[in-house]
Structures are given as C-alpha cells and as structure tokens.
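Undergrad: One structure, as structure tokens, below. Some questions next.
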Ligand SMILES: [Zn+2]
Ligand SMILES: [Zn+2]
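In mature numbering (1 follows the signal peptide of the UniProt record, and there is no 0), the protein residues as written are -24 to -1, 1 to 423.
Written out as structure tokens, the structure reads:
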C-alpha cells in the first residue's frame, strides 16, 4: 500500500513540478537551511513545550503563555501586538523582498482536566472555569502548538532578508472555548475574535496554515485532506413541557418524561433515515437529560442537551430544522410542548482544494520517509481554525504524536492520560517552515 502511494505521490509531484517550473521556486538551499535550523532548535522547543505544559492556562486566561510568546517574538525583531481577542498575540515578520502574506496559527489554551500522566513536568495548575476553581491540563496539545510556532518564527526570522513577502504569526486564545463566559451569549472569542480585531487583514493574509497534534497517529506522521476535514459543532437544548401530576394518576397530567424519551429516540432517525449520508456523515447526540425531583411525581418539565456535527453547511442547517421539527411534532403527539434552541459554536474546518493541491508537493517533501497520507479520515472534532478559513484560503494538518505501536491504545486528546511523543514536534516545524517559504516563493520548489 505504502509503495503504491509513494509512487503515485512521485508522479503527482513531477506533474506539479513541470507545471510550475516557469515560476520562481524556493532555492533548495533555503529548504535545506530550514531543516538544519529545525534540528538546531529542537531541544529548545521541547523545553518551551515542557514549560507550557507545566503551566497551562484556560481559554482567555493565557496571560503567562502569551507573555512568553510576545517576549520571544519581540526578541526576534518582529512587530508584535498583544492583547488581541483578550490574550492573543499577533506578530508580523517583514521579509526583505516583496511578496504575498502567509499566516501561521497556534492556539494556546489548556482544558479543565486533571492531569494523570505521571510526567516529571506534569501540571498541578488550577484555573477558574466559569466561576469554579478547576485543575488545568494541556490535554489537547496546544502547548506543542505554541512551541512549534515559536520555533518556526525563530527559523523564519533568521531567513528574513531572503523572504519574498510577509509572515503573520497568530497565537490565539480560547480554541477550546472561553473560560470566562458561556457560548451563545453573543460574545465572540478565539479565532473569530482575532479576525474581528484585524488579525487577518493588517496585513491582508493570502493563505493561512495551521496544524494539530493528534494521538492515535504515529509520531511524525503528517496527514491532511482536501475539502472538509473537521466537523461543525453546535449545541442544542430541548425543553419538553407537560403538566405535573401524581405518578399514580398519569391521565390527570401530561407526561414530559415519556415525551422526552420519544423525542430522544426520534432524533436518532434524522441521521439514519432522513439525511443523504452518502454526501457527508453527521451526528446528533444527547449528552445530558434532566427532569423531576421524586420517583412518584410526574414533573412539569424535562430538559435535555446535546451536540450536532456536520461536514456540510447545507446539511448542518437542515439538521437544525429537523431537530426542532422532530421535537415539536413528537411532543405534540402526547399533548406536550417542545422548545428547541440551537447554538452555533464552530463551523466546518475545510481545506481549500486549490491551496491543498498547490502545496501537496511541499507536504510530500516534508513527510519524506515518514508515513504520510493526503486523504486522512475526517475528524468529528471541531476547530475554530475554520474562522480563519472564511477569510483566506486555508490548510490544516494533523501531526501524529503517538509512539509507534501505541497508535491504537494511546489516550485520546482531552484525556487526563494524553501523551505527546515530543520526537514528532520537529516535523510540525518543518511542515510550517516549508509551507511558508514555498508559498512565498510562488509555489513548491522543483527539487
Ligand atoms: Zn481540544
Ligand atoms: Zn485542540
């Protein structure tokens, strides 16, 4: 399988190389220098990562992290803006020659998870999550994203005079959501707030790249796909209202418990019976359900909440309508009322097909002897990198960080046992530097 894939990659690389041969291309010496620099900075990057790991901060509270980042970027001579979207940092590197603008993004927040990794640099930190003190852990690997982008910035700053164009470094807060307010209250956060505050327009970004470390993929694997990569994520709540009565006299009231149970079951037919799942998959889940106070009283009300995932905007809107319609109609059949509220959280993260095709040879070059794939399975997780993709063509990569042989047993992102094999991080630096220099030079090198 691997040989076939590599052979196919070789042919495609050759085809793209021939078609772009007339354009200026990255000198081979530049990409070689980037790799040498990546090797040289690897140990320092791992130290940064361990420090971030030991001191994780929740979304919108990344004060220490953003200060370390801003100080580093200032030392590199970049123009640095702090306090963007609360704790975000935006830095611009002006190359010595004219050219396009590339943005690179890293997220900075940890999660309200109690770490159980047993590592010497395990987090003992706490934070405030919507008024409550909670343990905090970099359980999604955003510590590695910060360290990778700091290293990338240092390498690119070192080649500043030869770079044809600009590079914008985006260190964003609250990818996992804000710790200081609830979604659905009208306030924006994270990538969307960064965009609103001009992070992608001053200077105007022509292409944006980002990556996410993923457990379950072998260390150093780079994976991507053209088109939808990660799902949209929305939350919804359904309030089923009946009429309270004694549990022994159900005919005197309207039972919202039975109605809610029917609605929960009915919602399962949206994906299985109503959507064209040959187009894209989708998910309708219920995560919590509450009602009643005592075993022999039928309550007035039952409330349940869940999450909705889709990979296509039209299907997403359709699901929203079907959830409300299903709840209202099924509840009405027993005389109850149902009110549905959907809160949009993140849009579909899709890789721009043109940009993905254009940069494919770069990624194949970086992946080198590492196992790689250009058609990775979609993830039903969501990302607010999607907000950046609405403003400029975008490409998001997955980076494997599970030791060989442990891909199937490794704890997933967000687990208290989440583990990063740091040997994979250098591959993230290589991917981001190669993508940047190649894009600025007008396309992948022909070497
Ligand atoms: Zn996460
Ligand atoms: Zn994440």
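Positions of the beta carbon are idealized from the N, C-alpha and C atoms, including for glycine. Source: prediction; values computed, not measured.
Would you kindly work out how many angstroms separate the C-alpha atoms of residue 282 and residue 358, rounded to a whole number?
TA: Each residue's Cα considered, the two are about 15 angstroms apart.
Undergrad: Ligand 2 heavy atoms versus the CB of residue 397: any closer than 7 angstroms?
TA: Flag unset: Cβ of residue 397 not near ligand 2.
Undergrad: From what residue to what residue does the beta strand (DSSP E) around residue 119 run?
TA: Note, residue 119: premise wrong, no beta strand (DSSP E); alpha helix (DSSP H) at 118 to 134.
Undergrad: So within the region 309 to 385, which uninterrupted alpha helix (DSSP H) runs reach at least 4 residues, ignoring any that extend past its ends?
TA: Segments of the alpha helix (DSSP H) lying fully in the region 309 to 385: 329 to 343 and 362 to 365.
Undergrad: With a CB to CB cut of under 7 angstroms and the five nearest residues on each side skipped, what residues in its chain are close to residue 257?
TA: Excluding sequence neighbours, residue 257 sits near 287.
Undergrad: Beta carbon of residue 239, beta carbon of residue 216: below 8 angstroms?
TA: Against a cut-off of 8 angstroms, the Cβ pair of residue 216 and residue 239 comes out as a contact.
Undergrad: Using a threshold of 7 angstroms, is the CB atom of residue 29 nearer than that to any non-hydrogen atom of ligand 2?
TA: Result no, Cβ not under 7 angstroms from ligand 2.
Undergrad: Enumerate, from N- to C-terminal direction, the unbroken beta strand (DSSP E) stretches of 3 or more residues contained entirely within the region 47 to 123.
TA: Listed in chain order, the complete beta strand (DSSP E) runs (minimum 3 residues) inside the region 47 to 123 are 55 to 60, 64 to 70, 73 to 83, 102 to 105 and 108 to 111.
Undergrad: Flag this pair as yes or no: are the beta carbons of residue 80 and residue 403 separated by less than 8 angstroms?
TA: Not a contact, by the Cβ cut-off of 8 angstroms.
Undergrad: Check for me: the alpha helix (DSSP H) holding residue 408 runs from which residue to which?
TA: Residue 408 -> alpha helix (DSSP H) spans 401 to 416.
Undergrad: Alpha carbon to alpha carbon, how far is residue 161 from residue 105? Give it in angstroms, no decimals.
TA: Approximately 16 angstroms between the Cα atoms of the pair.
Undergrad: Residue 27 by DSSP, collapsed to three states: which one?
TA: DSSP places residue 27 in helix when its eight states are reduced to three.
Undergrad: Anything with a beta carbon under 6 angstroms from a heavy atom of ligand 1 counts; list them all in chain order.
TA: Residues flagged by the Cβ proximity filter: 116, 152, 389 and 390.
Undergrad: Which full runs of the beta strand (DSSP E) of 3+ residues lie inside the region 208 to 276, going along the chain?
TA: Listed in chain order, the complete beta strand (DSSP E) runs (minimum 3 residues) inside the region 208 to 276 are 208 to 217 and 258 to 267.
Undergrad: Can you tell me which of the three DSSP states residue 174 falls into?
TA: Coil.
Undergrad: Please classify residue -4: is it buried, with 16 or more other beta-carbons within 10 angstroms of its beta-carbon, or exposed?
TA: Its pLDDT being 41, under 50, residue -4 is placed unreliably in this model, and the value from its coordinates should be taken loosely. When all chains shown are included, residue -4 counts as exposed.
Undergrad: What does the Cβ neighbour count give for residue 12, buried or exposed, with the cut at 16 atoms within 10 Å?
TA: Flag for residue 12 reads exposed.
Undergrad: Should residue 322 be labelled buried (16 or more other beta-carbon atoms within 10 Å of its own) or exposed?
TA: So residue 322 ends up on the buried side.
Undergrad: What does the alpha-carbon distance come out to for the pair residue 408 and residue 153?
TA: In a straight line, the C-alpha of residue 408 is about 25 angstroms away from that of residue 153.
Undergrad: The beta strand (DSSP E) with residue 419 in it runs from where to where?
TA: Looking at the DSSP string, residue 419 is not in any beta strand (DSSP E), and its letter there is neither H nor E.
Undergrad: With a threshold of 16 other CB atoms inside 10 Å of the CB of residue 232, please say whether the residue is buried or exposed.
TA: So residue 232 counts as buried.
Undergrad: Can you find a heavy atom of ligand 2 that lies under 7 angstroms from the Cβ of residue 83?
TA: Yes; taking the cut-off as 7 angstroms, the Cβ of residue 83 has a heavy atom of ligand 2 nearer than that.
Undergrad: Could you check what DSSP says for residue 201 in three-state terms: helix, strand or coil?
TA: Residue state, collapsed to three classes: coil.
Undergrad: Buried or exposed: where does residue 142 fall if 16 or more other Cβ atoms within 10 Å of its Cβ makes it buried?
TA: With 16 or more other Cβ atoms within 10 Å, it is buried.
Undergrad: Pull the bridge partners of residue 188 from the DSSP assignment, please.
TA: Residue 188 is bridged to 374.
Undergrad: Along the beta strand (DSSP E) that carries residue 146, what are the first and last residues, could you check?
TA: Where residue 146 is concerned, the enclosing beta strand (DSSP E) stretches over 140 to 148.
Undergrad: Does the Cβ-Cβ distance between residue 144 and residue 370 come in under 8 angstroms?
TA: No, they are not a contact pair.
Undergrad: Assuming contact is defined by CB atoms lying nearer than 8 angstroms, are residue 377 and residue 155 in contact in what I supplied?
TA: No; because the gap between Cβ atoms is not below 8 angstroms, this pair is not in contact.
Undergrad: Cβ of residue 296 within 7 angstroms of any heavy atom in ligand 2?
TA: Residue 296 Cβ: outside cutoff for every heavy atom of ligand 2.
Undergrad: Tell me the DSSP secondary structure of residue 279 in three-state form.
TA: Residue 279: strand per DSSP, three-state reduction.
Undergrad: Pop quiz: residue 295 and residue 131 are said to be a contact at Cβ under 8 angstroms. What is the actual Cβ separation, rounded to whole angstroms?
TA: Contact flag wrong, Cβ pair sits at about 43 angstroms.
Undergrad: With distances taken between CB atoms, is the gap from residue 110 to residue 32 smaller than 8 angstroms?
TA: No.
Undergrad: Is any non-hydrogen atom of ligand 2 found closer than 7 angstroms to the C-beta of residue 118, if you look at the structure I gave you?
TA: Residue 118 Cβ: within cutoff of ligand 2.
Undergrad: Kindly give me the distance between the Cβ atoms of residue 337 and residue 420, rounded to whole angstroms, as I take these residues to be in contact under 8 angstroms.
TA: Correct: roughly 4 angstroms between the Cβ atoms.
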